Amino acid sequence: AKSIGSNQICFYDKSMDQAARERSALAMDMRAGLERGEFMLYFQQQNNTQTGEVVGFEVLLRWLHPKRGLVSPVEFIPIAERTGFIMELGDWVLRRSCQEAVKWGNPLRIAVNVAPKQLANANFPQHVRDILKETGLAPERLELEITESGIIADQQNALSIIRQLKAIGVKIAMDDYGTGYSSLSTLQLFPFDKIKIDRGFIDSVVENRQSAAIVRSTLILAQSLNIPVLAEGVENAEHLRFLQDEGCEQVQGYLYGKPQPLSELQAIVNPPASQ
Ligand code: C2E
Ligand code: CA
Ligand code: CA
Ligand code: CA
Numbered sequence: 403a404k405s406i407g408s409n410q411i412c413f414y415d416k417s418m419d420q421a422a423r424e425r426s427a428l429a430m431d432m433r434a435g436l437e438r439g440e441f442m443l444y445f446q447q448q449n450n451t452q453t454g455e456v457v458g459f460e461v462l463l464r465w466l467h468p469k470r471g472l473v474s475p476v477e478f479i480p481i482a483e484r485t486g487f488i489m490e491l492g493d494w495v496l497r498r499s500c501q502e503a504v505k506w507g508n509p510l511r512i513a514v515n516v517a518p519k520q521l522a523n524a525n526f527p528q529h530v531r532d533i534l535k536e537t538g539l540a541p542e543r544l545e546l547e548i549t550e551s552g553i554i555a556d557q558q559n560a561l562s563i564i565r566q567l568k569a570i571g572v573k574i575a576m577d578d579y580g581t582g583y584s585s586l587s588t589l590q591l592f593p594f595d596k597i598k599i600d601r602g603f604i605d606s607v608v609e610n611r612q613s614a615a616i617v618r619s620t621l622i623l624a625q626s627l628n629i630p631v632l633a634e635g636v637e638n639a640e641h642l643r644f645l646q647d648e649g650c651e652q653v654q655g656y657l658y659g660k661p662q663p664l665s666e667l668q669a670i671v672n673p674p675a676s677q
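Be aware that the sequence shown starts at 403, since it is given in the UniProt record's numbering, and climbs by one per residue.
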């Protein structure tokens, strides 16, 4: 008979196989899924902290898998990054987002997530220019959200690409601020149009003095560099009040609205007066 030890090892190996199999199954389903129209764009509003007014939307990808139902991007984006499919998928998100936004009666800004691999591609700026031209979206209505992992691998290359994007007229936001190696020099070196504070800090901002201190110092730093700040994950009135008091310009979170399909947002993107 097998010892408990070898049984445990056996069980562990099997569960790893299982997870790896799931990942490769998802990876294989992705291309077909994109062709079959299983991917959808959701939009989450971003609001002015003082007036509550909608200032734009972040585009968030969803996958309605025929067998698994709604799959979270937290699950499939890392797989797409590993396989390289993110290039095609990211492209699709960008083009579809611009195609939608250009139809709105209300010329709000759209923020689209850009994966590190996309940003590292020397052709990316030309590609963005082509999509803007093809769809007719005004460059200043497009904001690209990039993370620190997208700029630390090769800072000089990232800086060059970001400068080219800015020259086109698109906006650049630093996403998930505070979760990586965010340093003063990163903020000084890169010409960001916005800093998005990660929702992990907002979540505990009212009860945790450390989170509050990080949010406050980020706001002071950003003010001194003249960069507006958006706080993510604003879920309740206490979060909002704190951010209002501390001078944070914009918020995004369940308090104002969850990510939704465009069909649910017609009153905002096509307000009656503009139809
Ligand atoms: P992210 O870019 O940080 O997006 C914000 C996430 O926070 C979204 O999760 C959003 O639904 C969630 N969120 C917003 N407000 C609240 C709130 O008040 N409370 C809580 N608890 N959560 C809130 P989601 O949609 O599941 O996306 C997860 C991540 O997947 C994104 O994080 C982003 O890194 C990635 N992702 C999504 N769509 C794309 C895409 O088109 N391209 C790339 N490269 N990544 C994407
Ligand atoms: Ca984002
Ligand atoms: Ca974020
Ligand atoms: Ca995040």
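Glycine included, every Cβ here is placed at the ideal spot set by N, Cα and C. Note that this is a predicted model, so its numbers are computed, not measured.
Less than 7 Å separating the beta-carbons of Val461 and His467?
Not in contact: Val461 and His467 (Cβ atoms no closer than 7 Å).
Please report the residue range of the alpha helix (DSSP H) in which Gln447 lies.
That residue, Gln447, is in no alpha helix (DSSP H); its beta strand (DSSP E) goes Phe441 to Asn450.
Straight-line CA distance for Ile481 to Leu428?
Taking C-alpha positions only, Ile481 is separated from Leu428 by approximately 8 Å.
CB contact flag (Val631, Ala624, <7 Å)
yes
Ile597 in three-state terms, based on DSSP
strand
Please state whether DSSP places residue 693 in a helix, a strand or coil.
With the chain represented from 403 up to 677, any question about residue 693 goes unanswered, as that position is not in the structure.
Per-residue DSSP class, three states only, for Phe487:
DSSP places Phe487 in the coil class of the three-state scheme, outside both helix and strand.
Measuring straight from C-alpha to C-alpha, what distance separates Ser585 and Leu544?
Computed Cα separation, rounded: 26 Å.
Cβ atoms of Asn508 and Pro673: under 7 Å apart, would you say?
yes
In chain order, what residues of the same chain have a beta carbon less than 7 Å from the beta carbon of Gln520, not counting five sequence neighbours either side?
Residues of the same chain with a CB within less than 7 Å of the CB of Gln520, apart from the 5 flanking positions on each side, are Ile488, Met489, Gly492 and Phe526 in chain order.
Report yes if the C-beta distance between Trp506 and Val653 is below 7 Å; otherwise report no.
Taking 7 Å as the Cβ cut-off, Trp506 and Val653 do not qualify as a contacting pair.
Counting beta carbon pairs with one atom in the region 558–568 and one in the region 606–620, are three or more of them shorter than 8 Å?
no
Backbone CA spacing between Asn610 and Arg601 [nearest angstrom]
14 Å
Straight-line CA distance for Val514 to Asp419?
34 Å
Here's the rule: buried if 16 or more other CB atoms are within 10 angstroms of the residue's CB, otherwise exposed. What is Glu477?
exposed
Verify the contact flag: Glu634, CB atom, against every heavy atom of ligand 3, threshold strictly below 6 Å.
At least one heavy atom of ligand 3 is nearer than 6 Å to the Cβ of Glu634, so yes.
Below 6 Å CB to CB, which residues in the same chain sit around Ala669 once its five sequence neighbours on both sides are set aside?
none
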